[in-house]
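Asks: Sharing a structure with you now.
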Amino acid sequence: MADKRFHLAWFMNFTPDEWREPFGQGGNPWDGQFYIEMAQAMERACFDLIMIEDKLMVPETYGGSRDLSLKHAMMVPKADPAPLAVAMGMATRHLGVVATMSTMAYPPFMLARLSSTIDSLTKGRFGWNVVTSAEDLMAKNFGMDQLPPREDRYAMADEYMEVVGKLFDSWEPDAVVLDRKNGIYADGSKVHTVDHDGQFYKVRGPLNTVPSPQRRPVYLQAGASPRGRDFAAQHADAIVSVANGVEGMKAFRADIRARAEKIGRNPDDIKVFFCITPSLGETEAEARARYENVTMSDNFATDVLISISAITEIDFAQYDLDKPLPEKLVTNGESGTLDKFQQWGSGKTLRQLAADGGGGLVSSMELIGTPAQVAEKMGEAMAEVGGDGFLITTPVLRVSRRYITEICDGLVPELQQRGLVRTEYKHQLLRDNLREF
Ligand SMILES: Cc1cc2nc3c(=O)[nH]c(=O)nc-3n(C[C@H](O)[C@H](O)[C@H](O)COP(=O)(O)O)c2cc1C
Numbered sequence: 001m002a003d004k005r006f007h008l009a010w011f012m013n014f015t016p017d018e019w020r021e022p023f024g025q026g027g028n029p030w031d032g033q034f035y036i037e038m039a040q041a042m043e044r045a046c047f048d049l050i051m052i053e054d055k056l057m058v059p060e061t062y063g064g065s066r067d068l069s070l071k072h073a074m075m076v077p078k079a080d081p082a083p084l085a086v087a088m089g090m091a092t093r094h095l096g097v098v099a100t101m102s103t104m105a106y107p108p109f110m111l112a113r114l115s116s117t118i119d120s121l122t123k124g125r126f127g128w129n130v131v132t133s134a135e136d137l138m139a140k141n142f143g144m145d146q147l148p149p150r151e152d153r154y155a156m157a158d159e160y161m162e163v164v165g166k167l168f169d170s171w172e173p174d175a176v177v178l179d180r181k182n183g184i185y186a187d188g189s190k191v192h193t194v195d196h197d198g199q200f201y202k203v204r205g206p207l208n209t210v211p212s213p214q215r216r217p218v219y220l221q222a223g224a225s226p227r228g229r230d231f232a233a234q235h236a237d238a239i240v241s242v243a244n245g246v247e248g249m250k251a252f253r254a255d256i257r258a259r260a261e262k263i264g265r266n267p268d269d270i271k272v273f274f275c276i277t278p279s280l281g282e283t284e285a286e287a288r289a290r291y292e293n294v295t296m297s298d299n300f301a302t303d304v305l306i307s308i309s310a311i312t313e314i315d316f317a318q319y320d321l322d323k324p325l326p327e328k329l330v331t332n333g334e335s336g337t338l339d340k341f342q343q344w345g346s347g348k349t350l351r352q353l354a355a356d357g358g359g360g361l362v363s364s365m366e367l368i369g370t371p372a373q374v375a376e377k378m379g380e381a382m383a384e385v386g387g388d389g390f391l392i393t394t395p396v397l398r399v400s401r402r403y404i405t406e407i408c409d410g411l412v413p414e415l416q417q418r419g420l421v422r423t424e425y426k427h428q429l430l431r432d433n434l435r436e437f
């Protein structure tokens with residue numbers, strides 16, 4: 001029988017948990033323990049990886065000030081994903097841990113060194129979510145007045161990938177000899193300068209870390225524009241996407257695979273994960289009531305609009321919540337997210353747009369029901385799309401222990417019983433687990 005399994009991943013960030021809700025733990029996760037236990041739950045449920053989102057600024061686009069972001073704890077406070085990835089990785093044995101780091105923020109040498117170190121600490125389970133940033137507010141924290149246009153950011157990122165690739169390869173695999181008898185730790189003839197002198201970066205090398213178990217981290221990417229998709233198809237081991245329904249998912253995956261084939265890559269080496277935000281209950285009616293409760297709450301529309309304002313740098317507070325948007329909007333920020341959000345031509349009001357799709361910005365299809373119903377629907381969708389996996393999250397990424405339990409102990413066993421997802425880990429390295437099916 002054909003293997004119909006797909007991969008599971010989780011998308012979250014190092015922010016307060018679902019702090020407002022009765023089942024939240026109060027919004028104080030800063031010692032990491034809450035998220036370490038979350039990673040352990042994911043591993044129990046055989047997720048391939050957990051991915052930590054990141055941004056490098058305090059949002060102040062919505063309403064022209066940072067007050068509402070702070071009041072709602074939307075995108076701020078947000079702690080650094082790299083140390084959390086280490087803490088999660090060292091408290092688990094199989095789960096992949098992925099940190100977001102921007103090519104506009106880290107000098108390539110620092111990123112390569114940090115990634116190599118974390119990959120060693122996690123015994124080959126580290127992934128890097130390659131982002132090019134989207135906000136002028138971020139740029140102002142890094143010596144720029146504004147971000148370069150998207151095309152230029154991707155041109156820089158292409159060269160960036162070349163540089164970090166050279167750094168990861170600057171030690172030959174057998175450069176560490178560790179010959180105690182003859183007193184040789186590393187063989188100097190097998191460690192090379194990279195002497196990169198390009199349009200944007202100048203790096204001598206070599207890297208000063210040993211080759212890590214995966215040599216380079218697993219690369220994740222989320223390009224949505226045509227340029228972004230080309231970039232992802234060229235570099236990524238896994239792509240994360242928010243698509244419009246099953247048809248949109250199928251079209252996106254086919255498009256990525258075609259782009260990969262065109263440049264001579266095996267499309268099976270690229271796993272496409274679609275973001276979903278399942279809403280579960282003991283009955284379908286209960287699940288729907290809970291879903292409506294969340295998406296119709298006063299806070300929800302504001303949370304979503306703070307977030308979309310931040311990543312597009314368009315102030316959505318200027319628009320009437322109960323009217324359609326007056327014009328088609330464009331951004332130098334996250335264009336794919338904006339296009340999906342605004343559903344131009346649908347005639348929906350801004351409030352409806354915010355509530356739409358089971359969670360505004362991050363839901364590829366509606367999944368509301370009992371664990372068994374949602375598992376069925378996920379299986380059918382994946383069969384239609386052709387693969388490769390789902391990236392589970394919540395509408396504004398915040399989680400409670402209750403939600404984690406519902407997914408890991410409710411939904412995942414239903415998926416496992418249907419032979420749809422992993423029941424054990426076969427490999428040590430994250431990249432090998434991704435390529436297993
Ligand atoms: C699931 C998902 C996760 C993302 N995570 C981040 C992130 O953590 N940080 C960030 O700056 N951008 C993030 N992005 C934005 C993408 O990196 C990308 O900029 C966006 O999808 C728009 O694509 P484009 O740059 O090709 O227009 C994410 C996008 C998606 C769909």
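In our numbering, the protein residues as written are 1 to 437. Glycine included, each C-beta is placed from N, C-alpha and C at the ideal position.
1) Is the number of C-beta pairs between the segment 176-190 and the segment 80-94 that are closer than 8 Å three or more?
2) Our contact map puts Arg-216 next to Gly-165 with C-beta atoms below 8 Å; I'd like the distance itself, whole angstroms only.
3) Sort out for me which residues DSSP pairs Trp-10 with in a bridge.
4) So is Val-330 buried or exposed if we call it buried at 16+ other beta carbons inside 10 Å?
5) Determine which residues share a DSSP beta bridge with Val-272 and list them.
6) Can you name the residues that DSSP bridges to Gly-369?
7) Considering only their Cβ atoms, is the gap separating Asp-119 from Phe-14 smaller than 8 Å?
8) Going straight from the alpha carbon of Leu-68 to that of Ala-372, what length do you get?
9) According to DSSP, what are the bridge partners of Met-101?
10) Using 8 Å as the Cβ pair cut-off and three pairs as the minimum, do the segment 394-402 and the segment 180-195 touch?
11) Considering only DSSP beta bridges, list what Val-191 is partnered with.
12) Could you tell me whether the Cβ atoms of Gly-369 and Glu-284 are closer together than 8 Å?
13) Ends of the beta strand (DSSP E) at Ala-186?
14) For the structure I just gave you, are there three or more beta carbon pairs, one from the segment 51-69 and one from the segment 306-319, closer than 8 Å?
15) When you compare only the Cα positions, how much space is there between His-72 and Ile-404?
16) Please say whether Leu-321 and Thr-349 have beta carbons closer to each other than 8 Å?
17) Could you compute how far the alpha carbon of Leu-429 sits from the alpha carbon of Asp-237?
18) Sorry if obvious, but does the Cβ on Val-131 come closer than 7 Å to a heavy atom of ligand 1?
19) Exposed or buried, what is Pro-395 when buried is set at 16 or more other beta-carbons lying within 10 Å of its beta-carbon?
20) By the three-class DSSP mapping on this structure, what secondary structure does Lys-166 have?
21) Let's see if you can read the secondary structure: which residues bound the alpha helix (DSSP H) around Gln-342?
22) Since Ser-243 contacts Ala-260 with CB under 8 Å, what's their CB separation in whole angstroms?
23) In terms of residue numbering, what span does the alpha helix (DSSP H) encompassing Tyr-219 cover?
24) In whole angstroms, give me the CA-to-CA distance for Glu-313 and Gly-336.
25) Can you give the beta carbon distance from Ala-9 to Phe-47, rounded, assuming they're within the 8 Å contact cut?
26) For the structure I just gave you, are there three or more beta carbon pairs, one from the segment 260-269 and one from the segment 285-292, closer than 8 Å?
27) Quick check: is any heavy atom of ligand 1 less than 7 Å from the C-beta of Glu-334?
28) Could you give the C-beta distance for Val-272 and Ile-311, rounded to a whole number, given that I count them as a contact under 8 Å?
29) For Gly-124, is the classification buried or exposed, using 16 other Cβ atoms within 10 angstroms of its Cβ as the cut-off for buried?
30) When you compare each of Glu-21, Ser-212, Met-57 to Thr-117 by their alpha carbons, which one comes out closest?
31) From what residue to what residue does the beta strand (DSSP E) around Asp-179 run?
32) With respect to 7 Å, is the separation between the Cβ of Ala-79 and the closest non-hydrogen atom of ligand 1 below this value?
33) Thinking C-alpha only, which one of Leu-95, Arg-435, Phe-109, Pro-206 is nearest Met-161?
34) If we require 4 or more residues per run, which alpha helix (DSSP H) segments fall completely within the segment 291-338?
35) Once DSSP output is grouped into helix, strand and coil, what is the label at Lys-202?
36) Let me confirm a value: Phe-341 is counted as buried when at least 16 other C-beta atoms fall within 10 Å, else exposed. Which label applies?
Replies: With the structure as the only source:
1) Judged by Cβ distances under 8 Å, the segment 176-190 makes no contact with the segment 80-94, as fewer than three pairs qualify.
2) Walking along the sequence shown from the start, residue 216 turns up at place 216. Walking along the sequence shown from the start, residue 165 turns up at place 165. Between Arg-216 and Gly-165 a beta carbon distance of about 7 Å is seen, short of the 8 Å cut, so the two are scored as contacting.
3) Position 10 of the sequence shown, counted from the start, is the residue given in the question as residue 10. For Trp-10, which the question treats as bridged, DSSP gives the partners Ile-50, Ile-392.
4) Here residue 330 refers to the residue found at position 330 when the sequence shown is read from its first residue. When all chains shown are included, Val-330 counts as exposed.
5) Taking the sequence shown and counting its residues from 1, one reaches residue 272 at position 272. For Val-272, which the question treats as bridged, DSSP gives the partners Ile-239.
6) One-based indexing of the sequence shown puts residue 369 at position 369. Partner(s): Leu-280.
7) On the sequence shown, position 14 is the one that residue 14 refers to. On the sequence shown, position 119 is the one that residue 119 refers to. No, these two residues do not count as a Cβ contact at 8 Å.
8) Numbered from its first residue, the sequence shown carries residue 68 at position 68. Numbered from its first residue, the sequence shown carries residue 372 at position 372. CA-CA distance, Leu-68 to Ala-372, rounds to 38 Å.
9) Taking the sequence shown and counting its residues from 1, the one referred to as residue 101 is at position 101. DSSP lists Val-130 as partners of Met-101.
10) Note that the segment 394-402 does not touch the segment 180-195; fewer than 3 beta-carbon pairs, one per stretch, sit closer than 8 Å.
11) Start at 1 with the first residue of the sequence shown, and residue 191 comes out as number 191. Secondary-structure assignment with DSSP links Val-191 through a beta bridge to Trp-171.
12) The residue given as residue 369 occupies position 369 in the sequence shown. The residue given as residue 284 occupies position 284 in the sequence shown. Cβ distance < 8 Å, so Gly-369 and Glu-284 count as in contact.
13) As a first step, residue 186 is located in the sequence shown; it is residue number 186 there, counting from the start. It spans 184-186 - the beta strand (DSSP E) in which Ala-186 sits, taken as one unbroken run.
14) Counting Cβ pairs under 8 Å, three or more are found: they touch.
15) If you number the sequence shown from 1, residue 72 lands on position 72. If you number the sequence shown from 1, residue 404 lands on position 404. Straight-line Cα distance between these residues: approximately 22 Å.
16) In the sequence shown, the residue the question calls residue 349 occupies position 349. In the sequence shown, the residue the question calls residue 321 occupies position 321. Against a cut-off of 8 Å, the Cβ pair of Leu-321 and Thr-349 comes out as a contact.
17) By one-based count along the sequence shown, residue 429 stands at place 429. By one-based count along the sequence shown, residue 237 stands at place 237. Each residue's alpha carbon lies about 13 Å from the other.
18) In the sequence shown, counting from the first residue as 1, residue 131 sits at position 131. Val-131 has its CB nearer than 7 Å to a heavy atom of ligand 1.
19) Against the sequence shown, residue 395 aligns to sequence position 395. Answer is buried; the Cβ neighbour count reaches 16.
20) Taking the sequence shown and counting its residues from 1, one reaches residue 166 at position 166. If DSSP states are grouped into helix, strand and coil, Lys-166 belongs with the helices.
21) Translated into positions along the sequence shown, residue 342 becomes position 342. Its alpha helix (DSSP H) spans residues 335-342.
22) Residue mapping note: residue 243 aligns to position 243 of the sequence shown, counting from 1. Residue mapping note: residue 260 aligns to position 260 of the sequence shown, counting from 1. Here the sequence assigns Ala to residue 243, which means Ser is not the residue at that position. That pair is no contact at about 17 Å.
23) Here residue 219 refers to the residue found at position 219 when the sequence shown is read from its first residue. Bounds of any alpha helix (DSSP H) do not take in Tyr-219; it lies within the beta strand (DSSP E) bounded by 218-221.
24) Against the sequence shown, residue 313 aligns to sequence position 313. Against the sequence shown, residue 336 aligns to sequence position 336. Separation of Glu-313 and Gly-336 (C-alpha to C-alpha, rounded to the nearest whole angstrom) is 14 Å.
25) Indexing the sequence shown from 1 puts residue 9 at position 9. Indexing the sequence shown from 1 puts residue 47 at position 47. Indeed, because the Cβ distance is near 6 Å, the residues count as touching under 8 Å.
26) Contact fails between the segment 260-269 and the segment 285-292, because fewer than three Cβ pairs, one in each stretch, are under 8 Å apart.
27) Your numbering for residue 334 matches position 334 in the sequence shown. Glu-334 Cβ: within cutoff of ligand 1.
28) What you label residue 272 is simply residue 272 of the sequence shown in a count that begins at 1. What you label residue 311 is simply residue 311 of the sequence shown in a count that begins at 1. Not confirmed; about 21 Å, so no contact.
29) Working through the sequence shown from its first residue, we reach residue 124 at position 124. Buried, since its Cβ has 16 or more Cβ neighbours within 10 Å.
30) Here residue 117 refers to the residue found at position 117 of the sequence shown. Across the set Glu-21, Ser-212, Met-57, the C-alpha of Ser-212 shows the shortest separation from the C-alpha of Thr-117.
31) For the purposes of this step, residue 179 is identified with residue 179 of the sequence shown, where counting begins at 1. The continuous beta strand (DSSP E) containing Asp-179 extends over residues 176-179.
32) As a working mapping, residue 79 is identified with position 79 in the sequence shown. No, ligand 1 has no heavy atom inside 7 Å of this Cβ.
33) For the purposes of this step, residue 161 is identified with residue 161 of the sequence shown, where counting begins at 1. Of all alpha-carbon atoms in Leu-95, Arg-435, Phe-109, Pro-206, the one lying nearest the alpha-carbon of Met-161 is that of Phe-109.
34) Along the length of the segment 291-338, whole alpha helix (DSSP H) runs at least 4 residues long occupy 298-312, reported in chain order.
35) Mapped onto the sequence shown, residue 202 falls at position 202. Lys-202 falls in the strand class under three-state DSSP.
36) The residue you call residue 341 lines up with position 341 of the sequence shown. Burial call: buried.
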